[in-house]
Amino acid sequence: MNKKVRVRFAPSPTGGLHLGGVRTVLYNYLFAKKHDGDFILRIEDTDQSRYVEGAEKYIFDCLRWAGLEPDESPEHSGQYGPYRQSERKEIYSRYGDQLIKDGHAYYAFDTPEELEIMRQELKSSDNPSPQYDKTVRHKMRNSISLSAGDTKKLLDEGTKYVVRIKIPDNETVSFMDLIRKEVSFDTSVLDDKVLLKADGMPTYHLAVVVDDYLMKITHAFRGEEWLPSAPVHILLWKFLFGIDNMPQWAHLPLILGPNGKLSKRDGAKFGFPVFAMSWTDPKTHELTEGFKEKGFLPEAFINLLALLGWNEGSEKEIYSLEELTDAFSIERVQSGGARFDYEKARWFNHEWIKKIDISRLHIHVKRLFEERGIPVTDEILLDKAIELVKDRCTLITDFYDQCSFFLQPPVDIDTAAILPKWDEKKNLFFIELIRVYSLSSLWQREGLETSFKELAAANQLKSGELMLPFRIMLVGGKFGPGVFDIAEILGKSETTERIKKVLSML
RNA sequence: GGCCCGUUCGUCUAAGGGUUAGGACACCACCCUUUCACGGUGGUGAUACGAGUUCGAAUCUCGUACGGGCUACCA
218 MNKKVRVRFA PSPTGGLHLG GVRTVLYNYL FAKKHDGDFI LRIEDTDQSR
268 YVEGAEKYIF DCLRWAGLEP DESPEHSGQY GPYRQSERKE IYSRYGDQLI
318 KDGHAYYAFD TPEELEIMRQ ELKSSDNPSP QYDKTVRHKM RNSISLSAGD
368 TKKLLDEGTK YVVRIKIPDN ETVSFMDLIR KEVSFDTSVL DDKVLLKADG
418 MPTYHLAVVV DDYLMKITHA FRGEEWLPSA PVHILLWKFL FGIDNMPQWA
468 HLPLILGPNG KLSKRDGAKF GFPVFAMSWT DPKTHELTEG FKEKGFLPEA
518 FINLLALLGW NEGSEKEIYS LEELTDAFSI ERVQSGGARF DYEKARWFNH
568 EWIKKIDISR LHIHVKRLFE ERGIPVTDEI LLDKAIELVK DRCTLITDFY
618 DQCSFFLQPP VDIDTAAILP KWDEKKNLFF IELIRVYSLS SLWQREGLET
668 SFKELAAANQ LKSGELMLPF RIMLVGGKFG PGVFDIAEIL GKSETTERIK
718 KVLSML
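Quick note on the working numbering: the first sequence kicks off at 218 and runs consecutively.
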């Protein structure tokens, strides 16, 4: 049952799933699949104050859309569950006790107010953010500064406390990162991080180590923002489970926005999505648009994300999820942060629109039209329309502008573009064209074009001057694919109807 | 401030000591196109800086600069 490789992703249900989050899932997923291992999901919901109702389901929806479903999850409970950290509270406290017993952690009774006073007093331009470390440890209220009796008394009285790690003095903690090679820290600059909060919930530091051990995680990939706290985790591994059992770490480069770490704010500011799927904050009702709703194909989304910080070493850029699984290797992940480029993201989507089967596009486009209140009655016509216009579409939503006129006659007719050069001669030409087209037995592009041009010549008109009016009659404006292609797909009766209708408006 | 990580065209990246430093996006020009696009061809454009090691450095070492991250009873 146990696979050689087990990886995990641990989202916190606090809001939308952003690009960096999905990319972390993706790299975990690819690594697991490549080594025929397990990929599990843990839910970090130990911060009750930030827990957002619905966020957990939303995360699963996003991963399902992207095709990155975990093997086991809180929904499909596996053998190492539960996977919600709030349901593992007792487990963590057991390890907290062990750390205290072994002298690697201690009780701290300081109230938030006392901590604030300490920070204010110690704050200076040299030290803008004072830490709870060996220099202040003895001046605070904790089981190190207090006598055993006083500590017991406070405990017995039910005084609120947290458990803090006791960072050893003057040690060098180093580890091998799969992406950055050796990284090392001096423990003298580390602070005594809280391990168990006053409500008994663990912080990330304790939870990640305990869970990785209990869930037999072999490789832990996470964002670079975790690098500074890695030594705390290494120390906990050393204290609790032994360094030899520790998973291999890889700290992924950050995805950057136009300035600094990509944020939700950047999306709103620069007009591109940062979440996989649209997310509405249940409290503020603020909507943040996602890649899905913006018109991205999941294939393209995965593809662009994979290439943001990873490269096989070749010039290949378009990869399916299967191809990525084959080609991926964690060592080839870039160490520097990657700035997200929305134009390039759009290019990936365009390539995928050109690449995937019409039947796949059909599903997306049909849904788009239905969402916008246009029922698709003729599936074959839609397929033909998609085939004709797909090269001109960058986003799925572009199909609306590019082929809604196939499904229903245009509402707005740009007659202003015809009128200035309109005359009776042209009017007669189109009346004649209706007759000619009605009589035609073969309704095909080539034939339609030939008879159109012959009729123009017979009336001593330049066909070039007639193409634009014809186009506007069929689609309503100066856009779209070749007019005769459109006419062919529209069919005889619809084409002649549209000519008649616009003629009556002129 | 301290600590950590990073730095090749504007952007994403290739080049694991010897290349005219390659590709893609974007941009520009031309071609195609009696609409708008797509597409095609070509072009502009980079090894942050300074030392060192070496016959030879984008590549190894050191320093500087710049960028980013962390510095919560958040993850």
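Backbone N, C-alpha and C define an ideal beta-carbon position, used for all residues, glycine too.
Tell me the residue span of the beta strand (DSSP E) that contains Gln465. 465 to 469
Using only the alpha-carbon positions, how far apart do Pro499 and Glu560 sit? 31 Å
So, are the CB atoms of Leu236 and Leu522 less than 8 Å apart? yes
Looking at C-alpha atoms only, which residue of Thr501, Arg301, Ile257, Lys306 is the closest neighbour of His436? Ile257
Using a 10 Å radius around the Cβ and a threshold of 16 neighbouring Cβ atoms, would you call Asn344 buried or exposed? exposed
Cα-Cα separation between Gln296 and Gly254, rounded to whole angstroms: 15 Å
Near Glu548, which residues of its chain fall below 8 Å by C-beta distance, leaving aside the five closest residues on each side in sequence? Leu395, Ile396
Unbroken stretches of the beta strand (DSSP E), 3 residues or longer, contained in the region 396 to 454: 398 to 403, 411 to 413, 436 to 440
Out of curiosity, what's the CA-to-CA distance linking Met218 and Gln465? Unreliable placement is indicated for Met218, whose pLDDT of 44 sits below 50; the coordinate value is still reported in the next sentence. Approximately 21 Å, taken between the alpha carbons.
Taking the beta carbon of Trp639 as the centre, do at least 16 other beta carbons fall within 10 Å, making it buried, or is it exposed? exposed
Quick check: the Cα distance between Glu663 and Leu691, rounded to an integer number of angstroms? 17 Å
Less than 8 Å between the CB atoms is what I'm expecting for Tyr309 and Lys383, so what's the real figure, rounded? In fact, because the Cβ distance is near 17 Å, the residues do not count as touching under 8 Å.
Kindly indicate the opening and closing residues of the beta strand (DSSP E) around Val390. 389 to 394
Kindly give me the distance between the Cβ atoms of His579 and Asp600, rounded to whole angstroms, as I take these residues to be in contact under 8 Å. 6 Å
May I ask you to verify whether the region 560 to 570 touches the region 502 to 517, counting CB pairs closer than 8 Å and requiring at least 3? yes
Just verifying my parser: in three-state terms, what is the DSSP assignment at His502? coil
Phe646 to Thr713, Cα distance in whole Å? 13 Å
Use the C-beta contact count for Phe616: other C-beta atoms within 10 angstroms, 16 or more gives buried, fewer gives exposed. buried
Verify whether the separation of the beta carbon atoms of Asp187 and Gly590 is less than 8 Å. No answer is possible for residue 187: it lies beyond the span of the chain, which begins at 218 and ends at 723.
6 Å Cβ shell around Tyr430 - same chain, five flanking residues per side excluded: Phe458
Find out if the Cβ-Cβ distance for the pair Thr505, Gly484 is shorter than 8 Å. yes
Grouping DSSP H, G and I as helix and E and B as strand, with all else coil, what is Leu234? coil
Going straight from the alpha carbon of Ser710 to that of Glu587, what length do you get? 25 Å
Cα-Cα separation, Ile635 to Leu598: 28 Å
Using three-state DSSP, classify Gly664 as helix, strand or coil. helix
To the nearest angstrom, how far is the alpha carbon of Arg584 from that of Ser531? 36 Å
Which two residues bound the contiguous alpha helix (DSSP H) that contains Ala633? Looking at the DSSP string, Ala633 is not in any alpha helix (DSSP H), and its letter there is neither H nor E.
If you drop the 5 nearest sequence neighbours on each side, which residues of the same chain put their C-beta closer than 7 Å to that of Met393? Glu399
Closest Cα partner of Lys414 within the set Lys377, Leu444, Arg336: Lys377
Can you name the start and end residues of the alpha helix (DSSP H) that Leu479 belongs to? It is not in any alpha helix (DSSP H) - Leu479 carries neither H nor E in the DSSP assignment.
Grab me the residues of Lys221's own chain with a C-beta within less than 8 Å of its C-beta, minus the 5 sequence neighbours each way, in chain order. His252, Asp253, Gly254, Thr435
N- and C-terminal bounds of the alpha helix (DSSP H) containing Val550: Segment: none, Val550 is in no alpha helix (DSSP H) and carries neither H nor E.
Does the distance from the C-beta atom of Asn412 to that of Arg439 stay below 8 Å? The displayed chain sequence assigns Leu, not Asn, to residue 412. No, the pair does not count as a contact, with Cβ atoms beyond the cut-off.
Within 8 Å, strictly: CB atoms of Pro385 and Thr404: yes
First through last residue of the alpha helix (DSSP H) which encompasses Ala602: 596 to 606
Using only CA atoms, which one of Gly554, Val224, Tyr421, Lys607 lies nearest to Glu441? Gly554
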